[in-house]
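Protein chains in written order, with the numbering used here: chain A, 1 to 223; chain B, 224 to 446; chain C, 447 to 669; chain D, 670 to 892.
A virtual CB, placed ideally from N, CA and C, is assigned to each residue, including glycine.
Remember, predicted model here, so these are calculated numbers, not experimental data.
Since the structure comes first, as structure tokens, the remarks are kept for the end.
Number of protein chains: 4
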Amino acid sequence: MAKQNAKTRQEKVADREIAILDAASAVFNEKGYAKASMAEIARKAGVADGTLYLYVKNKEDLVRGVLARFYAQLTETAQRGVDKRDGTKAKLKFLARHHMREVIANWRVLEIAPLIDRSSDAYRQSELYALNRAYVSVFDRVAKAAMAEGLVRSDTQLWVLRDMFFGAMEYSARTMMFVRRDDDINAFVDHLLGLLLSAPAVSPTGDVLFRLERIAERLEGKS
Amino acid sequence: MAKQNAKTRQEKVADREIAILDAASAVFNEKGYAKASMAEIARKAGVADGTLYLYVKNKEDLVRGVLARFYAQLTETAQRGVDKRDGTKAKLKFLARHHMREVIANWRVLEIAPLIDRSSDAYRQSELYALNRAYVSVFDRVAKAAMAEGLVRSDTQLWVLRDMFFGAMEYSARTMMFVRRDDDINAFVDHLLGLLLSAPAVSPTGDVLFRLERIAERLEGKS
Amino acid sequence: MAKQNAKTRQEKVADREIAILDAASAVFNEKGYAKASMAEIARKAGVADGTLYLYVKNKEDLVRGVLARFYAQLTETAQRGVDKRDGTKAKLKFLARHHMREVIANWRVLEIAPLIDRSSDAYRQSELYALNRAYVSVFDRVAKAAMAEGLVRSDTQLWVLRDMFFGAMEYSARTMMFVRRDDDINAFVDHLLGLLLSAPAVSPTGDVLFRLERIAERLEGKS
Amino acid sequence: MAKQNAKTRQEKVADREIAILDAASAVFNEKGYAKASMAEIARKAGVADGTLYLYVKNKEDLVRGVLARFYAQLTETAQRGVDKRDGTKAKLKFLARHHMREVIANWRVLEIAPLIDRSSDAYRQSELYALNRAYVSVFDRVAKAAMAEGLVRSDTQLWVLRDMFFGAMEYSARTMMFVRRDDDINAFVDHLLGLLLSAPAVSPTGDVLFRLERIAERLEGKS
DNA sequence: TATGAATGAGTTTTCATTCAT
DNA sequence: GATGAATGAAAACTCATTCAT
Chain A
1 MAKQNAKTRQ EKVADREIAI LDAASAVFNE KGYAKASMAE IARKAGVADG
51 TLYLYVKNKE DLVRGVLARF YAQLTETAQR GVDKRDGTKA KLKFLARHHM
101 REVIANWRVL EIAPLIDRSS DAYRQSELYA LNRAYVSVFD RVAKAAMAEG
151 LVRSDTQLWV LRDMFFGAME YSARTMMFVR RDDDINAFVD HLLGLLLSAP
201 AVSPTGDVLF RLERIAERLE GKS
Chain B
224 MAKQNAKTRQ EKVADREIAI LDAASAVFNE KGYAKASMAE IARKAGVADG
274 TLYLYVKNKE DLVRGVLARF YAQLTETAQR GVDKRDGTKA KLKFLARHHM
324 REVIANWRVL EIAPLIDRSS DAYRQSELYA LNRAYVSVFD RVAKAAMAEG
374 LVRSDTQLWV LRDMFFGAME YSARTMMFVR RDDDINAFVD HLLGLLLSAP
424 AVSPTGDVLF RLERIAERLE GKS
Chain C
447 MAKQNAKTRQ EKVADREIAI LDAASAVFNE KGYAKASMAE IARKAGVADG
497 TLYLYVKNKE DLVRGVLARF YAQLTETAQR GVDKRDGTKA KLKFLARHHM
547 REVIANWRVL EIAPLIDRSS DAYRQSELYA LNRAYVSVFD RVAKAAMAEG
597 LVRSDTQLWV LRDMFFGAME YSARTMMFVR RDDDINAFVD HLLGLLLSAP
647 AVSPTGDVLF RLERIAERLE GKS
Chain D
670 MAKQNAKTRQ EKVADREIAI LDAASAVFNE KGYAKASMAE IARKAGVADG
720 TLYLYVKNKE DLVRGVLARF YAQLTETAQR GVDKRDGTKA KLKFLARHHM
770 REVIANWRVL EIAPLIDRSS DAYRQSELYA LNRAYVSVFD RVAKAAMAEG
820 LVRSDTQLWV LRDMFFGAME YSARTMMFVR RDDDINAFVD HLLGLLLSAP
870 AVSPTGDVLF RLERIAERLE GKS
């Protein structure tokens, strides 16, 4: 029956939207925002120039859509990966590797993000902002668990930990772009987590140990 | 005498160069690379459009000049501040605060940096690359001292430390751009250094554990 | 019916292309290449500046298009006129007059031709080169007939004849531009052909000289 | 003594003028009018940009000066060569070869000539026009001699002969620019003169020769 | 809905010419 | 006379966006 094969009108529209976002992602990631032309995106999406404007308001809106989808997918794959792993440490390691991989693969699209005016109130209420927070919260949940488990110093503030985690990776990724050794990712992630997680909940400073020994001595003397 | 007041032709040229770089810095920082127009920069520098091209080859060359000067100044003020402080910890704290202040103040100019093609060999031999390295090496020297003094875990690799340091700050700065509480900078820096430097010179090495175990044994022996 | 009046989209596009080439021809012919501006051509074609670039890649491409059309038309009218005439001499006379008329009417456009880089291999494979050759070959065919008929010295090389024919006319046309007497064209053409064709089929070649010498000898022998 | 070594002020000015014309000739001939910049000419002449304007009114004036000197030199060398040769034919051959050599060597400068507005009355009274005529008259004198000697058909008009002579060579030179075989020049010149000079005042057609032979026979038989 | 031809504002860059020194 | 820094008009070209079909 026709109905079974034929896509409904809604499905066709949805397909087109996906095709446009795919094309835009590819072109933005290849050329950056300024050099990506709407015409090329339209061509790559198999659509006429004018058709783009039935799906997005303008170029900025399109890039927003691309970023939104990127964050949504990022969040989903991140959460799925976290759920699959056992143990907070394993979850963190997965998140780190996953983030670096994606950042490196979508570098130029992510470079565009700051070009979008985020200072406006509009941004705070935007879908993009919400998606960004959703992604961050995947990390936050795992990080909180890590703190609860004493993997991280108990007096650590979550936002600082988060900035170190993502900041270090993105900074590092930028460097790796030019050196391009894929195995570096794992080495870097291991090292990074080593540093972030090394600090025990009970920070064993010399002072603390000193007190522990005093206690032990007292126990000895006493008993 | 006229000669004393009057600027020589060379001085005037030098002044103009500064005026142009100042204007370009301001406009790039306000609008970003793409939306900054040569005409506006010329106007702000008090100079005709064509005059710009007596000082720079083209727009890209101009932005390179702006970045070069920025890094040169950054390096100089960083080094001077480091020299003035006593103690590695104080030096690091200064570097961190200094970096954050400058990053926040010149946010959009710094966003332009990645747009410059860094993959080419030409870049590696460029003035900009050298200046970049000069700035990083200010940090590297202090960081090495910190490691030598046991302020940082002895098994830490310098480049990871560097990525965490700069990465965390730049990531954080990006967030702070929207929240804009200046006192956050200090709080963040303190926290960041607390984490990076927390790792005790005497970490829970086998030695300490050994002593704890002896204590336990003694207690056992008692009972 | 609307359909009968209304031009199809394709027809409109074709009309525009003609309008643009017409406008470009006129402006180039009036001002020469350097002083002809794309803006003026656009205005004359009744089209926006940007529209030009939907039809041609750039200014050089536009001038190439103008020249191509000129040569194509020149070839066609030349061939048609040749076909209509009877007798090689009449054909040549037509070709000469036709060429001079067209050269004078399109003087400045033709001046542009040498500005196009002809040394490259690209040119040799270009449409323009082919059109040029097509036009020349109209002359060549008639010239060969003239030689076969003994209207031209039998030892004449075609390419020299061609250079004299076209060269003389173009040189002369340049002079006439300033004097501007239209009736000069015919006088000149008659004279030119008189010279080119006067040379008898039997010219004082070695053969002729040989016979003359025999005659002389015989006379000598007599005396 | 200073006076002997030092050039007078007038000599220095004259030297500069020559240096400027030399530089301009070279640059115009290399790049053509549009792409030749006053700055490059100044640099090549070892003079400041502004200094050019002490010697010429503007770029067009400079190109006029270059052309004027070119024609003056051309005329001089042509006349000198003509004087040195014996025999009208030899003189013509020299003129032809000389012209082709010079035209080919100064091709791009000569392309500029038509860009100068010649339609104005100003041109007719200009130095350039006079120089042009002077050069042509070198040819004219020799051509008249050729006609007087019967080397050229007696009913030939001088101006047509002139157009054929110069026209053929310039047209041919244009072609040779791309093929670039230097020996072609001589071959072409020989061929060209062969054609122009072949036609005797009394054209010796086969018919004429036949009658001459009959006469000879009769003389033989008779005497 | 879809098309794609048309638009025209906006940008960078060049360079002949001027003029204060 | 000589300089060369400064000028600013001019010009080619791009491309996001619109709208008649």
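Every alpha helix (DSSP H) of 4 residues or more that sits fully in the segment 733 to 784 of chain D is shown, in chain order, as 757 to 774, 776 to 781. Of all residues in the segment 136 to 157 of chain A, the ones placed with a Cβ closer than 7 Å to any Cβ belonging to chain B are 153, 156, 157, in chain order.
Burial check for residue 314 of chain B: the Cβ neighbour count within 10 Å reaches 16 or more, so the residue is buried. Short of 7 Å from the beta carbon of residue 355 of chain B, and not among the five residues preceding or following it, lie these beta carbons of its own chain, in chain order: 294.
The C-alpha of residue 702 of chain D is placed about 33 Å away from the C-alpha of residue 524 of chain C. At a cut-off of 8 Å between C-beta atoms, residue 516 of chain C does not count as an interface residue with respect to chain D. Here residue 97 of chain A is near residue 189 of chain A, since their CB atoms are less than 8 Å apart.
Listed along chain B, no residue sits closer than 7 Å to residue 30 of chain A by beta-carbon distance, the nearest being about 14 Å off.
Between residue 559 of chain C and residue 513 of chain C, the C-beta spacing is below 8 Å. For residue 394 of chain B, the residues of chain A that pass the 7 Å Cβ criterion are 163, 166, 167, 170, in the order they occur in the chain. If the five residues before and after residue 530 of chain C are omitted, its C-beta is found closer than 7 Å to no C-beta atom of its own chain. In the structure shown, residue 597 of chain C adopts coil according to DSSP, grouped into three states.
Scanning its chain for C-beta atoms nearer than 6 Å, with the 5 sequence neighbours on each side dropped, one finds around residue 830 of chain D the residues 812, in chain order. Leaving aside the five residues that flank residue 511 of chain C on each side, the residues in its chain whose CB is nearer than 7 Å to its CB run, in chain order, 467, 502. If you draw a straight line from the Cα of residue 557 of chain C to the Cα of residue 784 of chain D, it comes to about 9 Å. The criterion of a C-beta distance shorter than 8 Å is not satisfied by residue 351 of chain B and residue 363 of chain B. Here residue 160 of chain A carries a helix assignment [DSSP, helix/strand/coil]. Collapsing the DSSP output to three states places residue 563 of chain C in coil.
The beta carbons of residue 593 of chain C and residue 600 of chain C sit about 7 Å from each other, so the pair counts as a contact at 8 Å. Scanning B/267, B/396, B/368, B/347 for the CA closest to the CA of residue 325 of chain B turns up B/396. Not one beta carbon of chain C lies nearer than 8 Å to the beta carbon of residue 766 of chain D. DSSP, read as helix, strand or coil, puts residue 496 of chain C in helix. Judged by DSSP in its simplified three-state form, residue 349 of chain B adopts coil rather than helix or strand. Residue 285 of chain B does not reach chain A, its nearest Cβ partner there being about 16 Å away, counting only Cβ pairs nearer than 7 Å. According to the DSSP assignment, residue 726 of chain D belongs to no alpha helix (DSSP H), since it is labelled neither H nor E. For residue 857 of chain D, at least one C-beta of chain C is nearer than 8 Å to its own C-beta. By the neighbour-count definition (other C-beta atoms within 10 Å, threshold 16), residue 331 of chain B is a buried residue. By the Cβ-count criterion, residue 87 of chain A is exposed, with fewer than 16 other Cβ atoms from all chains shown falling within 10 Å of its own Cβ.
Under the DSSP assignment, residue 259 of chain B falls outside any alpha helix (DSSP H); it carries neither an H nor an E label.
Contact between residue 281 of chain B and residue 329 of chain B is ruled out by a C-beta separation of about 22 Å, above the 8 Å threshold. Contact note: residue 334 of chain B reaches chain A through 114, using a C-beta cutoff of 7 Å and chain order.
With the criterion set as a beta carbon lying under 7 Å from some beta carbon of chain D, the members of the segment 457 to 488 of chain C are 478, 480, in sequence order. Cβ neighbours of residue 304 of chain B within its own chain (closer than 6 Å, five residues either side excluded): 317, 321. In the three-state reduction of the DSSP assignment, residue 175 of chain A falls in the helix class. Interface flag for residue 174 of chain A against chain B is set, since a Cβ pair is found closer than 8 Å.
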